[in-house]
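A.B. asks:
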Amino acid sequence: MSERIENTEILKLLPHRYPFLLIDAAEDYVEGQSITGIKAVTANEPFFPGHFPGNPVMPGVLMIEAMAQTGAVLMYKTLKASPDSATVFFVGADKVKFRFPVRPGMMLRLNVVVTAARHGLFKFRGEGFADGNKAVQAEFSAKAIAH
């Protein structure tokens with residue numbers, strides 16, 4: 011069943027906080043299968059003054075981090091875990107491509123699909139879209155480690 015995850019639940023599921031919390035909400039969550047992260051990219055993001063002055067573009071590595079945070083939300087919910095009981099670590103990325111600049115005022119939608127999961131290690135395929143254009147794509151993995 012598809013489910014929307016609001017910001018208040020994101021804050022309970024992820025240990026990240028501003029300025030490093032890079033998703034605002036998620037939707038289309040299907041346990042153990044898929045999720046879509048949502049990031050409203052605003053002009054007051056802390057990285058825009060330096061990347062790039064007069065030509066603000068969201069850094070590619072932060073788009074990948076937002077994708078990884080989206081996958082972490084899926085993992086915490088699927089594993090019925092919390093940051094108090096386990097930490098989800100981003101462990102790798104492959105086939106990363108940046109295709110379209112994400113700028114202030116855009117909505118970044120991060121579609122993440124599980125391609126494999128075993129013993130707390132999840133492998134994902136993700137794509138991020140802004141203004142209807144594919145901005146980023148990657149294969150990545152994350153591991154949940156109990157405290």
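In the working numbering, the protein residues as written are 11 to 157.
Positions of the beta carbon are idealized from the N, C-alpha and C atoms, including for glycine.
#1: Would you say G81 and F134 are within 8 Å of each other, going by their C-beta atoms?
#2: Counting C-beta neighbours from all protein chains within 10 Å, is the total for K90 16 or more, i.e. buried, or is it exposed?
#3: Do you know how far the Cα of A152 is from the Cα of A78?
#4: Are there three or more Cβ pairs, one per stretch, closer than 8 Å when the region 89-105 is compared with the region 27-38?
#5: Looking at the strands, I want to know which residues DSSP matches up with V98.
#6: Tell me which residues share the same chain as E41 and place their Cβ nearer than 7 Å to its Cβ, disregarding the 5 neighbours each side in the sequence.
#7: Could you tell me how far apart the beta carbons of A36 and V98 are, in whole angstroms, since I believe they sit closer than 8 Å?
#8: To test your reading of the DSSP string, which unbroken beta strand (DSSP E) runs of 3 or more residues are found completely within the region 36-83?
#9: For M85, I'd like the list of residues in its chain whose CB is within less than 7 Å of its CB, leaving aside the five on either flank, ordered along the chain.
#10: Just reading off the beta strand (DSSP E) that E137 is part of, what are its end residues?
#11: Go ahead and label L21 buried or exposed: buried means 16 or more other beta carbons lie within 10 angstroms of its beta carbon, across all protein chains shown.
#12: From what residue to what residue does the beta strand (DSSP E) around L120 run?
C.D. replies: Checking against the coordinates, here is how it stands:
#1: Position 71 of the sequence shown holds residue 81. Position 124 of the sequence shown holds residue 134. G81 is a Cβ neighbour of F134, given a cutoff of 8 Å.
#2: Your numbering for residue 90 matches position 80 in the sequence shown. Around the Cβ of K90, a 10 Å sphere holds fewer than 16 other Cβ atoms; the residue is exposed.
#3: Position 68 of the sequence shown holds residue 78. Position 142 of the sequence shown holds residue 152. Approximately 8 Å between the Cα atoms of the pair.
#4: Flag = no, the region 89-105 and the region 27-38 do not touch.
#5: Along the sequence shown, one-based indexing puts residue 98 at 88. For V98, which the question treats as bridged, DSSP gives the partners A154.
#6: Indexing the sequence shown from 1 puts residue 41 at position 31. Cβ within range, chain order: K87, T88.
#7: On the sequence shown, residue 36 is found 26 positions in, with the first residue counted as 1. On the sequence shown, residue 98 is found 88 positions in, with the first residue counted as 1. Between A36 and V98 a beta carbon distance of about 14 Å is seen, past the 8 Å cut, so the two are scored as non-contacting.
#8: Counting only runs of 3+ residues, the beta strand (DSSP E) found wholly inside the region 36-83 occupies 44-50, in chain order.
#9: As a working mapping, residue 85 is identified with position 75 in the sequence shown. Residues V98, F132, A152, A154 of the same chain have their beta carbon placed closer than 7 Å to that of M85, with the five preceding and five following residues left out of the count.
#10: Reading the sequence shown from its first residue, position 127 is the one you call residue 137. Per DSSP, E137 is one residue of the beta strand (DSSP E) stretching across 131-140.
#11: Counted from its first residue, the sequence shown places residue 21 at position 11. Residue burial annotation: L21 is exposed, with fewer than 16 other C-beta atoms found within 10 angstroms of its C-beta.
#12: If you number the sequence shown from 1, residue 120 lands on position 110. First-last of the beta strand (DSSP E) with L120: 117-128.
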